[in-house]
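Visitor: Going line by line, the protein sequences match chains A and B.
For the record, in the first sequence the residue sitting at position 153 is 138 according to the working numbering, with numbers rising by one throughout.
If you want the working numbering, it's the 1-based position in the second sequence plus 29.
The beta-carbon is built from N, C-alpha and C at its ideal position, and this holds for glycine as well.
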Amino acid sequence: MKPKVAFFDFAGCEGDQLQVANLEEDLLALLGQVEVVSFREVMKEHSDNYDIAFVEGSCTRLQDEDRLKTIRKNAKIVVAIGSCATIGGINSLRNYKDLDTVKKTVYGENAKLFDSYAARAIDAVIPVDAYVHGCPIDKEDFLQVVKALLVGKKPETTTYPVCVECKKNENVCAFERGQFCVGTVTRAGCNSCCVNEGTICWGCRGLVDNPNENSHKEVLIKYGLTVDDAISKFRLYFGWQEAKR
Amino acid sequence: MKESNIDVEVHHITRVEGHGNINVNIKNGVIEQCEWSIPEAPRFFEAMVVGRSWNELHHITSRICGICSIGHTLASLKATESAMGIPISEQDLKLRKLALHAENLQSHILHLGFLVLPDLMGVGSVIPLASTNLPEVKTVLQLHRTANEMSTLLCGRTTHPQRLIPGGFSKIPSMKELILIRKKLQDSIPSIQAVAELYKSLAGRLPDFKRETEFISLTDPNEYALYDGKLDSSDTGTAPVKEYLAYTNEYIIPQSTAKWAKHTRESYMVGALARLNNNYKNLSPMAQKTAEAFNLQPMCYNPFMNSIAQLVEVVHSVEDSIRLINELEAAGLKPQPDYNKPEIKVKAGNGVGAVEVPRGILFHDYTYNEKGICTKANCIIPTNQNHGNIQLDMKSILPQIIDKPQKEIELTLEMLVRAYDPCISCSTHVVKVNLT
């Protein structure tokens, strides 16, 4: 029997589920291997009977915790997809601000009507079995994780920083170009895609396990950058991870 | 047979981006409740960007929406560039227009092929169609792939672009790559015609419904306005983009969950149908022919025709993209340095960027201090501008279908919401209001 899979979304942009739709012809092949029983973005049917749950988006409200717990109860395997789900992502930018001020900035006098708390990764609420990192996720990365799960293996996660891939791609270092890059401490696996496109690593895959902080400080000193510069850049995606540390 | 008591509760309507609910309650044949509401989690982007630097805002606000991340990036860049008086070269302008076409193509094809088609074919999703109508599904996938390849070429990837930066591009495609994508666009025309034929054979299933409303879009005397233009209302005419707040007038209604918008009437509509109604004469020749084949002419007041207007825009985007690439070829593509980073004089100021994205007109409005740090931001998203119109359409159509079986009422209301292609995850303002 084909394993039953379901997709769910919380606070996020749904760009990761879009990457699944973007599999195009590969999606047809995938549909030969699994039975999709719930995917609100593309199908009307819904079932609570599933083996693998893919969850996109951060948890930002108490009321979302119940939904997550139900998903955990129903699924054998829970996979967090995309930065908002895996590390809290860009949503955690607001965690550095006073929540009441944040609400008032957007909703003025009606702020009190809105219910929200600090944005957090899914594993802050329920145990997560596998992660597909990135903002957005990489289609190939997603397929690799799915393939591993289908044969009962634990998907592999890279444990080195983006710098390694970037060097291999022979990019000119962003620091050398006078820009601030967080590839030194960000988990690789993206093939340094943003630097390849002429920009910097923004950190969307989150802090690598055991980031080499001393080496990062050396880089800051070498290029005359301040800790404040670093903190500001780290806040873009690492907010929830940093708070946890 | 008339059912006198009907409860329609579609919670988390499917095949739309984000979460929306339809609540209808009919007792003894009398409508007691007819409501479109939004339970999506609020995301507070306008507060999140305060304190961030001018060269990060487009990266952050792209994350408002995965489906229209190119549009958000462009609106963001335009706001920043307008605030600081940053110029854009003619070549970069054309490349940005191509990027926007790529997104419109991708999004419209996704909506037409994956989200609307199942309703017209009487199934719950595109998945069963992969067994019953494989050639058609493959055609849709092929078109979707071409649009995505075009996005990747212009933006560095399909979702959350990298190459689009303040003042231009960090990297541009080669002329060879552009010529290759032009060939693919040319080759896609028969496939688009096949999709149009399929829609033509199913168009009779679109409800024949009309409600007069106001249409708001960008407009430009010389082209079908997408990347730039003046504000245009079908009721009041044109105005500079800077005056957008006088058009959008956001407000909060107690029983719902979002900031809604209104201008001269109780509600207005944005999106493909609004653009087509306001700018029909600037559609490409083939796009006009497609519209004629569906009898879609201004002013069309049937919101279900928004999907057909999207189909017309698919044709327009393909034709106009070919034209833009021809122009780039004729002018000769000027190379730029690797890791290009335009020199920018940071200064204090306020700027508004308006772009037509797949679901309608999008506004980003930023204020920067002298260090280029954002002190205030406002984003007005197309779907929020459409909520009021969706609600009024629901109220207007319900009495016309009240005698139908419950299933049909439910499907018609869902189809109505889907026709707007709502992108609720996009709606930064969207909130949950609990009132008893």
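Can you pull the DSSP bridge partners for residue 52 of chain B?
Guide: For the purposes of this step, residue 52 of chain B is taken as residue 23 along the second sequence, with counting starting at 1. According to DSSP, residue 52 of chain B bridges with B:38, B:64.
Visitor: For a quick check, are the C-beta atoms of residue 101 of chain B and residue 391 of chain B less than 8 angstroms apart?
Guide: The residue you call residue 101 of chain B lines up with position 72 of the second sequence. The residue you call residue 391 of chain B lines up with position 362 of the second sequence. Cβ distance < 8 angstroms, so residue 101 of chain B and residue 391 of chain B count as in contact.
Visitor: May I ask which residues mark the beginning and end of the beta strand (DSSP E) holding residue 40 of chain A?
Guide: Taking the first residue of the first sequence as 1, we reach residue 40 of chain A at position 55. Note, residue 40 of chain A: beta strand (DSSP E), 37 to 41.
Visitor: Taking a Cβ distance cut-off of 9 angstroms, strictly less, list which residues of the stretch 163 to 180 of chain A are near chain B, in chain order.
Guide: Under the 9 angstroms Cβ criterion, the stretch 163 to 180 of chain A contributes 163, 164, 178, 179, 180.
Visitor: Does chain B have any CB closer than 8 angstroms to the CB of residue 121 of chain A?
Guide: If you number the first sequence from 1, residue 121 of chain A lands on position 136. With 8 angstroms as the cut-off, residue 121 of chain A counts as an interface residue toward chain B.
Visitor: What does residue 4 of chain A reach in chain B if we use C-beta pairs closer than 9 angstroms?
Guide: Mapped onto the first sequence, residue 4 of chain A falls at position 19. The contacting residues are 95, 187, 188.
Visitor: Which full runs of the alpha helix (DSSP H) of 4+ residues lie inside the stretch 10 to 80 of chain A, going along the chain?
Guide: DSSP runs (the alpha helix (DSSP H)) wholly in the stretch 10 to 80 of chain A: 10 to 16, 47 to 59, 68 to 71.
Visitor: Closest by CA to residue 355 of chain B, which one among B:317, B:244, B:211?
Guide: As a working mapping, residue 355 of chain B is identified with position 326 in the second sequence. Among B:317, B:244, B:211, the Cα nearest to that of residue 355 of chain B belongs to B:211.
Visitor: From residue 374 of chain B to residue 82 of chain B, what distance separates their C-alpha atoms?
Guide: Here residue 374 of chain B is taken as the residue at index 345 of the second sequence, counted from 1. Here residue 82 of chain B is taken as the residue at index 53 of the second sequence, counted from 1. When rounded, the distance between both Cα atoms is 13 angstroms.
Visitor: The alpha helix (DSSP H) with residue 345 of chain B in it runs from where to where?
Guide: Start at 1 with the first residue of the second sequence, and residue 345 of chain B comes out as number 316. First-last of the alpha helix (DSSP H) with residue 345 of chain B: 335 to 360.
Visitor: List, in chain order, every chain B residue whose beta-carbon is nearer than 8 angstroms to that of residue 101 of chain A.
Guide: Within the first sequence, the letter at position 116 stands for residue 101 of chain A. Neighbours of residue 101 of chain A on chain B, chain order: 70, 71, 73.
Visitor: Look at the alpha carbon of residue 192 of chain B and the alpha carbon of residue 128 of chain B, and state the distance between them as a whole number of angstroms.
Guide: Numbered from 1 along the second sequence, position 163 holds the residue referred to as residue 192 of chain B. Numbered from 1 along the second sequence, position 99 holds the residue referred to as residue 128 of chain B. C-alpha separation (whole angstroms): 10 angstroms.
Visitor: Would residue 3 of chain A and residue 159 of chain B be called neighbours here (beta carbons separated by less than 8 angstroms)?
Guide: Translated into the one-based positions of the first sequence, residue 3 of chain A becomes position 18. Translated into the one-based positions of the second sequence, residue 159 of chain B becomes position 130. Result no, Cβ atoms of residue 3 of chain A and residue 159 of chain B do not sit closer than 8 angstroms.
Visitor: By DSSP's criteria, residue 407 of chain B is part of a beta bridge. Which residues make up the other side?
Guide: Counting from 1 along the second sequence, the entry for residue 407 of chain B is found at position 378. Partner(s): B:394.
Visitor: So residue 245 of chain B packs on residue 261 of chain B, CB below 8 angstroms; how close in whole Å?
Guide: As a first step, residue 245 of chain B must be located in the second sequence, where it is residue number 216. As a first step, residue 261 of chain B must be located in the second sequence, where it is residue number 232. 7 angstroms between Cβ atoms; contact.
Visitor: Answer with buried or exposed for residue 463 of chain B, where buried requires no fewer than 16 other C-beta atoms within 10 angstroms of its C-beta.
Guide: Residue numbering aside, residue 463 of chain B sits at position 434 when the second sequence is read from its first letter. With a pLDDT of only 26 at residue 463 of chain B, under the threshold of 50, the placement of this residue in the model should not be trusted; the figure read from the coordinates follows. Residue 463 of chain B should be labelled exposed.
Visitor: Taking the alpha-carbon positions, what's the residue 83 of chain A to residue 92 of chain B distance?
Guide: Against the first sequence, residue 83 of chain A aligns to sequence position 98. Against the second sequence, residue 92 of chain B aligns to sequence position 63. If you take the alpha carbons of residue 83 of chain A and residue 92 of chain B, they lie about 21 angstroms apart.
Visitor: Could you have a look at residue 122 of chain A and say whether DSSP puts it in helix, strand or coil?
Guide: The sequence position of residue 122 of chain A within the first sequence is 137, counting from 1. Correct three-state label for residue 122 of chain A: strand.
Visitor: Just to confirm, are residue 113 of chain A and residue 65 of chain A a CB contact at a threshold of 8 angstroms?
Guide: Start at 1 with the first residue of the first sequence, and residue 113 of chain A comes out as number 128. Start at 1 with the first residue of the first sequence, and residue 65 of chain A comes out as number 80. Taking 8 angstroms as the Cβ cut-off, residue 113 of chain A and residue 65 of chain A qualify as a contacting pair.
Visitor: How far does the alpha helix (DSSP H) with residue 306 of chain B in it reach, from first residue to last?
Guide: By 1-based counting over the second sequence, the position of residue 306 of chain B is 277. Unbroken alpha helix (DSSP H) run through residue 306 of chain B: 301 to 308.
Visitor: Going along chain A in order, which residues have a C-beta closer than 9 angstroms to the C-beta of residue 369 of chain B?
Guide: Against the second sequence, residue 369 of chain B aligns to sequence position 340. Ordered by position in chain A, the residues that pass the 9 angstroms Cβ test against residue 369 of chain B are 183.
Visitor: How is residue 153 of chain B classed by DSSP in three states: helix, strand or coil?
Guide: Within the second sequence, residue 153 of chain B is the residue found at index 124, counting from 1. In this structure, residue 153 of chain B counts as coil in the three-state DSSP scheme.
Visitor: Which class does residue 153 of chain A belong to by DSSP, given the choice of helix, strand or coil?
Guide: By 1-based counting over the first sequence, the position of residue 153 of chain A is 168. Here residue 153 of chain A sits in helix by DSSP.
Visitor: Using C-beta distances below 6 angstroms, list every residue in its chain close to residue 175 of chain B, excluding the 5 sequence neighbours before and after it, in chain order.
Guide: For this step, residue 175 of chain B is matched to residue 146 along the second sequence. The residues are 213, 217.
Visitor: Among all the DSSP beta bridges, which residues are the ones paired with residue 378 of chain B?
Guide: As a working note, residue 378 of chain B is residue 349 in the second sequence. The partner list for residue 378 of chain B (beta bridge, DSSP) reads B:397.
Visitor: Give the DSSP-derived three-state secondary structure of residue 332 of chain B in the structure shown.
Guide: Locating residue 332 of chain B in the second sequence gives position 303, counting from the first residue. Three-state result, residue 332 of chain B: helix.
Visitor: Suppose you measure from the CA of residue 140 of chain B to the CA of residue 301 of chain B; what does that come to, to the nearest Å?
Guide: For the purposes of this step, residue 140 of chain B is identified with residue 111 of the second sequence, where counting begins at 1. For the purposes of this step, residue 301 of chain B is identified with residue 272 of the second sequence, where counting begins at 1. The alpha-carbon atoms of residue 140 of chain B and residue 301 of chain B are separated by roughly 12 angstroms.
Visitor: So, with DSSP's three-state summary, where would you put residue 121 of chain B?
Guide: Start at 1 with the first residue of the second sequence, and residue 121 of chain B comes out as number 92. Residue state, collapsed to three classes: helix.
Visitor: So the alpha helix (DSSP H) residue 279 of chain B belongs to, where does it begin and stop?
Guide: Stepping through the second sequence from its first residue, residue 279 of chain B is reached at position 250. First-last for residue 279 of chain B: 279 to 281, but that is the beta strand (DSSP E), not the alpha helix (DSSP H).
Visitor: Among B:232, B:163, B:380, which has the Cα closest to the Cα of residue 269 of chain B?
Guide: Position 240 of the second sequence, counted from the first residue, corresponds to residue 269 of chain B. Ranking B:232, B:163, B:380 by Cα distance to residue 269 of chain B puts B:380 first.
Visitor: As a quick exercise: from B:429, B:225, B:350, B:440, pick the residue whose alpha carbon is nearest that of residue 240 of chain B.
Guide: The residue you call residue 240 of chain B lines up with position 211 of the second sequence. The option with the nearest alpha carbon to residue 240 of chain B is B:429.
Visitor: Compute the beta-carbon to beta-carbon distance between residue 138 of chain B and residue 172 of chain B, rounded to the nearest angstrom, for a pair I have assumed lies under 8 angstroms.
Guide: Taking the first residue of the second sequence as 1, we reach residue 138 of chain B at position 109. Taking the first residue of the second sequence as 1, we reach residue 172 of chain B at position 143. Their Cβ separation, rounded to whole angstroms, is 5 angstroms, which keeps residue 138 of chain B and residue 172 of chain B in contact under 8 angstroms.
Visitor: Give a yes or no on whether 8 angstroms exceeds the smallest Cβ distance from residue 118 of chain B to chain A.
Guide: Stepping through the second sequence from its first residue, residue 118 of chain B is reached at position 89. With 8 angstroms as the cut-off, residue 118 of chain B does not count as an interface residue toward chain A.
Visitor: Please say whether residue 197 of chain B and residue 411 of chain B have beta carbons closer to each other than 8 angstroms?
Guide: Position 382 of the second sequence holds residue 411 of chain B. Position 168 of the second sequence holds residue 197 of chain B. Cβ atoms of residue 411 of chain B and residue 197 of chain B: not closer than 8 angstroms.
Visitor: In chain order, what residues of the same chain lie with their CB nearer than 6 angstroms to the CB of residue 148 of chain B, ignoring the 5 residues before and after it?
Guide: Residue numbering aside, residue 148 of chain B sits at position 119 when the second sequence is read from its first letter. Hits under 6 angstroms: 444.
Visitor: Restricting to Cα atoms, I'd like to know which of B:332, B:220, B:343, B:157 is closest to residue 441 of chain B.
Guide: For the purposes of this step, residue 441 of chain B is taken as residue 412 along the second sequence, with counting starting at 1. The shortest Cα separation from residue 441 of chain B among B:332, B:220, B:343, B:157 belongs to B:332.
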